[in-house]
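Enquirer: Taking the working numbering, the leading residue of the sequence shown gets 231, the next gets one more, and so forth. In this text, a Cβ means the ideal position worked out from N, Cα and C, and glycines have one as well. None of these values were measured; they are calculated from a predicted model.
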Amino acid sequence: MSLSSTVSPVAQAPRLLVVSDFDGTLAGISEDPMNVPVEATSIAALSALAGMPDTRVFILSGRNLAQLDVVCPTKPPILRVGSHGAEPEGHEATLTPKQRAALDALAAELESLCEGVEGAFVEYKPYQRVFHYIRVRDEALMRRLLDEVAALDPRGTHVTWGKRVVEFSVSTATKGTWLSEDIARWQPQATVFLGDDTTDEHGFEVLGENDLSVKVGPGDTVANTRVSTIAEVGELLHALAHTRAERIDVATLTPEQRYHLAAAEMAAVLAQVGPEHEEPARAALAPLLGDTNAPTADWAAWSTDPAHADATPEIMERAHSLAAKVGARTYFPAL
């Protein structure tokens with residue numbers, strides 16, 4: 231089945247919810263969790279989708295929000311939710327004394343297991359403690375470590391075995407519970423959810439027959455669609471954004487909606503700008519931002535101010551001009 235035929239039914243939905251996992255889906259897996267390769271095509275497509283009418287876009291990750299701030303190059307209107315749904319943006323994590331005691335005790339035991347083991351470490355998240363072993367090279371030692379981790383008293387936490395990680399969580403939130411709640415709250419006619427790990431199966435399980443669930447990579451899954459690589463994720467999201475953009479009747483848009491499309495077009499182009507294109511990007515943005523030295527990251531803050539709506543035609547013109555210079559894909563016609 232072609233990508234266009236795969237995405238076309240959901241792309242036509244009056245209200246569309248698009249949700250993606252981060253690691254292994256939008257970004258590759260790395261031994262250094264704070265330095266992962268992000269698929270620019272995916273971020274560009276999500277940026278375009280987030281600017282479309284009646285379309286909501288979320289990144290739903292097992293990472294905490296503090297980590298996403300570092301590794302995930304997205305800004306509103308793309309929204310982010312951390313800790314498998316327990317940590318929406320703007321949320322302050324709170325733990326009961328019992329929960330904190332359980333996490334502290336588990337952390338101490340996990341740290342003890344990691345002592346003297348090169349490549350094993352413990353990650354501290356607001357609601358979880360996570361044992362990582364992706365860097366452990368000795369297979370026999372790895373199996374022994376995993377046996378010892380499995381033998382730990384979970385102290386009432388929820389234990390999840392993922393890709394080279396074991397997570398102990400005091401939160402009952404899963405990607406499935408978060409998706410169910412947001413779907414109930416916003417009532418989209420279709421939902422798209424993409425993920426690669428065992429924790430993403432909870433999300434696939436709550437989707438309906440009219441939704442698109444996308445498993446990335448090998449392994450058993452209840453998802454109705456599969457792609458092999460993060461590059462293929464980028465192509466699927468591009469097809470989704472392109473197909474949904476085609477259904478927009480520009481003549482019916484309000485000035486505010488036109489502005490959001492122009493801002494999304496620029497964000498999509500900037501997501502595809504590599505270090506070698508930094509100067510053309512700065513030149514394209516300088517007249518809008520009023521600062522020739524402003525980093526391209528400043529675009530997100532500037533473009534969320536509705537006071538700049540009068541600049542819609544110039545934004546779109548500059549986005550398309552920059553795209554032509556750097557070979558980036560675009561999604562919308564001139565406004």
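If I'm right that A564 touches E544 with Cβ under 8 Å, what's the distance once you round it to whole angstroms?
Expert: At roughly 11 Å, the Cβ-Cβ gap does not stay under 8 Å, so A564 and E544 are not in contact.
Enquirer: If I measure Cβ to Cβ from A337 and keep anything under 8 Å in the same chain, skipping five residues before and after, which residues do I get?
Expert: Here the set comprises V352, Y354, R359.
Enquirer: Under DSSP, the beta strand (DSSP E) around L442 begins and ends at which residues?
Expert: Per DSSP, L442 belongs to the beta strand (DSSP E) from 442-446.
Enquirer: Using DSSP with H/G/I as helix, E/B as strand and the rest coil, what is R245?
Expert: Residue state, collapsed to three classes: coil.
Enquirer: First and last residue of the alpha helix (DSSP H) that includes E431?
Expert: Run containing E431: 431-436, per the alpha helix (DSSP H) assignment.
Enquirer: According to DSSP, is Y489 helix, strand or coil?
Expert: Correct three-state label for Y489: helix.
Enquirer: Excluding the 5 residues preceding and the 5 following V457 in the sequence, name in chain order all residues of the same chain whose CB lies nearer than 7 Å to its CB.
Expert: Closer than 7 Å at the Cβ level, and outside the excluded window around V457, lie V444, V446, V463, L466.
Enquirer: Do I413 and T255 count as a contact pair if the criterion is CB distance below 8 Å?
Expert: No, they are not a contact pair.
Enquirer: Can you give, in chain order, each stretch of the beta strand (DSSP E) that sits fully within the region 290-325 and has at least 3 residues?
Expert: Listed in chain order, the complete beta strand (DSSP E) runs (minimum 3 residues) inside the region 290-325 are 309-312.
Enquirer: Curious, which full-length beta strand (DSSP E) runs of at least 3 residues does the region 332-378 contain?
Expert: Runs of the beta strand (DSSP E) inside the region 332-378: 351-354, 358-362.
Enquirer: Per DSSP, which one or two residues make a beta bridge with E390?
Expert: Note on identity: in this sequence residue 390 is Thr, with Glu being the wrong assignment. Beta-bridge pairing links T390 to E397.
Enquirer: With a 10 Å radius around its C-beta and 16 neighbouring C-beta atoms as the bar for buried, classify Q417 as buried or exposed.
Expert: Classification for Q417: exposed.
Enquirer: Starting from R456, trace the beta strand (DSSP E) both ways and give me its first and last residue.
Expert: It spans 455-457 - the beta strand (DSSP E) in which R456 sits, taken as one unbroken run.
Enquirer: Assuming L382 and E339 make a contact with CB atoms under 8 Å, what is their CB distance in whole Å?
Expert: Yes, they are in contact, since the Cβ atoms of L382 and E339 sit about 6 Å apart, within 8 Å.
Enquirer: Let me know the secondary structure DSSP gives R240 once reduced to three states.
Expert: In the sequence as displayed, the identity of residue 240 is Val instead of Arg. Of the three classes helix, strand and coil, the one that applies to V240 here is helix, per DSSP.
Enquirer: What is the DSSP secondary structure of L424, reduced to helix, strand or coil?
Expert: In the structure shown, L424 sits in a strand (DSSP, three-state: E or B).
Enquirer: Measure the CB-CB distance between V397 and P356 and report whether it falls below 8 Å.
Expert: Reading off the sequence shown, one finds Glu at residue 397, where the question assumed Val. No, the pair does not count as a contact, with Cβ atoms beyond the cut-off.
Enquirer: Taking the straight line between their C-alpha atoms, what separation do you get for T304 and A278?
Expert: For T304 and A278, the distance between alpha carbons rounds to 12 Å.
Enquirer: Going by the CB atoms, is the gap between A471 and A275 shorter than 8 Å?
Expert: A contact, by the Cβ cut-off of 8 Å.
Enquirer: How long is the line joining the alpha carbons of D521 and D427, rounded to whole angstroms?
Expert: About 43 Å.
Enquirer: With a threshold of 16 other CB atoms inside 10 Å of the CB of S551, please say whether the residue is buried or exposed.
Expert: S551 is exposed by the Cβ-count criterion.
Enquirer: Could you pull the DSSP bridge partners for V287 from this structure?
Expert: DSSP output for V287 lists V248 as bridge partner(s).
Enquirer: Output the boundary residues of the alpha helix (DSSP H) element that contains V556.
Expert: Segment 542-556, the alpha helix (DSSP H) holding V556.
Enquirer: May I have the straight-line CA-CA distance separating I364 from V268, to the nearest angstrom?
Expert: Roughly 19 Å between the two C-alpha positions.
Enquirer: Compute the distance between the beta-carbons of L298 and G320, then report whether it is under 8 Å.
Expert: Taking 8 Å as the Cβ cut-off, L298 and G320 do not qualify as a contacting pair.
Enquirer: D412 lies in the alpha helix (DSSP H); which residues open and close that run?
Expert: It spans 405-416 - the alpha helix (DSSP H) in which D412 sits, taken as one unbroken run.
Enquirer: With burial defined as no fewer than 16 other Cβ atoms inside 10 Å of the residue's Cβ, what is the status of P327: buried or exposed?
Expert: Exposed, since its Cβ has fewer than 16 Cβ neighbours within 10 Å.
Enquirer: Leaving aside the five residues before and after E486 along the sequence, list all residues of the same chain whose C-beta is less than 8 Å from its C-beta, in chain order.
Expert: Hits under 8 Å: P536, A539.
Enquirer: Specify the secondary structure class of A469 as computed by DSSP and reduced to three states.
Expert: DSSP places A469 in helix when its eight states are reduced to three.
Enquirer: Give the C-beta separation of S399 and T407 to the nearest angstrom, bearing in mind that I take them to be a contact with Cβ-Cβ under 8 Å.
Expert: Actually they are not in contact, since the Cβ atoms of S399 and T407 sit about 12 Å apart, beyond 8 Å.
Enquirer: Tell me which residue opens and which closes the alpha helix (DSSP H) that T271 is part of.
Expert: Taken as a continuous stretch (DSSP letters only), the alpha helix (DSSP H) holding T271 covers 270-280.
Enquirer: Taking V240 as the reference, which of A420, L333, L325 has the closest Cα?
Expert: With distances taken between Cα atoms, V240 lies closest to A420.
Enquirer: In three-state terms, what does DSSP make of D253?
Expert: Strand.
Enquirer: Taking 8 Å as the CB-CB cut-off, is A541 touching chain B?
Expert: This model lacks chain B altogether, as it is built from one protein chain only.
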